[in-house]
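A quick write-up on the structure given underneath.
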Amino acid sequence: MLSLILSAELEGVTGLQPTDTPENPYFYTFRVKCNSCHETHPNWISFNRFEQHEIPGSRGEANFVWKCRLCTKTHSASVIAGPHVYEAQEKKKGQKIIDMDCRGLEFTEFKPDGDWEAKGTESNTPFSSIDLSDGEWYDYDEKAGEEVSIKEITWTVGRAQTASAHPQSDVQGGKKPRALIGEAPHPDQLTFSRPSADSKTSQHAQPSRPARGRSSITQLLLNLLHPRRFGYTHGPRPPNRPATMSFQPLNPRPFLQARVGTELIIRLKWGQTEYKGTLESIDSYMNVLLRDTEEYIDGKHTGSLGLVLIRCNNILWMGDASTVEMKEVGLQ
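Read in order, the letters of the sequence shown correspond to residues -15 to -1, 1 to 317 in mature numbering (1 follows the signal peptide of the UniProt record, and there is no 0).
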């Protein structure tokens, strides 16, 4: 089991925690190391504590399921406690934010993408949309009449002690928390993971929360990845038969993460413009970075652009280039 530990100097504020609700989930972003091949993978991965994905070959589910591209083994991780509130203190000291049950992998680095919140120490003034990505944050508390800040921020991912991570575990005769039943006893087996391109997770995973609770960007990507919007099928089509296919909702985040290093076709919302290139990376807002990018306008190849960043809200649809016939997406 691993813990995300925060150490910071809080002045004028306390109760620091990520904004993490079913309606507005926080996506925890890490670098991941495979415990089987001992390789640290270069791409950032993200997951939240509300979505559940099926683990291939078992009846279990996890917040994050990942297949290592080097050794092809599948690993998983789930948030089992937190987020905990970081309280202001006289002496700077690390405090746990979340505890994670990791299987087959480890997190090596954390990036604080997303919004955080806190309150004034004396005034209880709420502060929201706090951005910690720059390593510091400053604001002004009008009720208290003073500047407030969060400085000297450091993040650590370390092994957690079961007793301290779950203080409720020694209630009722010291029974083990339900989330830990059946876990591997050896600490070397404590790990983390990311969705697989050929697992059920990446093909059919759906958010466990109601659709009403999805963020606007997630809902947008679900719409973008609807095959009927593309107007194509995945195989040969009988003559004179329109393009149709049976559809199951697709979770966009595992879809994109699993296709890093593969070719995608992306169409913009205007100008009959498409881009074909290799997916280099995505960020927590699902902006897309393509390399070796080719541009098509009105179906005509207009040049090679190289490295291109495409904002999520500019995208009409996207698809795996290996499953899309160019003549079917209007590039003829």
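The beta carbon of each residue, even a glycine, is placed where N, CA and C say it ideally should be.
Practice problem: Go to L241, then tell me how far its beta strand (DSSP E) extends in each direction, as first and last residue. | Solution: Here L241 belongs to no beta strand (DSSP E); instead the alpha helix (DSSP H) covers P237 to A243.
Quiz prompt | Expected contact under 8 Å - CB spacing of I250 and A306 to nearest Å | solution = Between A306 and I250 the Cβ distance is about 5 Å, and since that is below 8 Å, they are a contact.
Self-check item: Which listed residue (E(-7), H38, K76 and E24) has its alpha carbon closest to that of K58
Solution: E24
Quiz item: Taking C-beta to C-beta, are N299 and K261 nearer than 9 Å?
Solution: no
Quiz item: With distances taken from CA atoms, which of D98, V273 and V64 is nearest T263?
Solution: From the listed residues D98, V273 and V64, the smallest Cα separation to T263 is found for V273.
Practice problem: Mind checking which residues open and close the beta strand (DSSP E) that includes R296? | Solution: Per DSSP, R296 belongs to no beta strand (DSSP E) and is neither H nor E.
Practice problem: Helix, strand or coil for S307, going by three-state DSSP, please let me know. | Solution: helix
Quiz item: Beta-carbon separation of K18 and T141 under 9 Å?
Solution: no
Self-check item: Residue environment, P111, which counts as buried when at least 16 other CB atoms sit within 10 Å
Solution: That one is exposed.
Exercise. Might you give, ordered along the chain, the residues of its own chain that have their beta carbon closer than 6 Å to the beta carbon of P3, omitting 5 neighbours on each side?
Key: Y11, P68 and W101
Practice problem: Output the boundary residues of the beta strand (DSSP E) element that contains K96. | Solution: L90 to K96
Exercise. Could you check how far apart the C-beta atoms of T139 and V(-3) are, in whole angstroms? I think they sit under 8 Å.
Key: With 8 Å as the limit, T139 and V(-3) do not qualify as a contact, their Cβ atoms being about 17 Å apart.
Exercise. Quickly, what does DSSP pair F32 with across the bridge? List them, please.
Key: Its beta-bridge partners are Y13.
Quiz prompt | Own chain partners of Y281 with C-beta closer than 8 Å, once the 5 adjacent residues on each side are dropped | solution = T258, E259, Y260, K261, T287 and L316
Quiz prompt | Among P41, C56, I82 and Q37, the one whose alpha carbon lies nearest that of A47 | solution = The alpha carbon of A47 has as its nearest neighbour, out of P41, C56, I82 and Q37, the alpha carbon of Q37.
Exercise. Assign R244 to buried or exposed, taking buried as 16 or more other Cβ atoms, counted over all protein chains shown, within 10 Å of its Cβ.
Key: buried
Exercise. Return yes when the Cβ of T14 is within less than 9 Å of the Cβ of S269, no when it is not.
Key: yes
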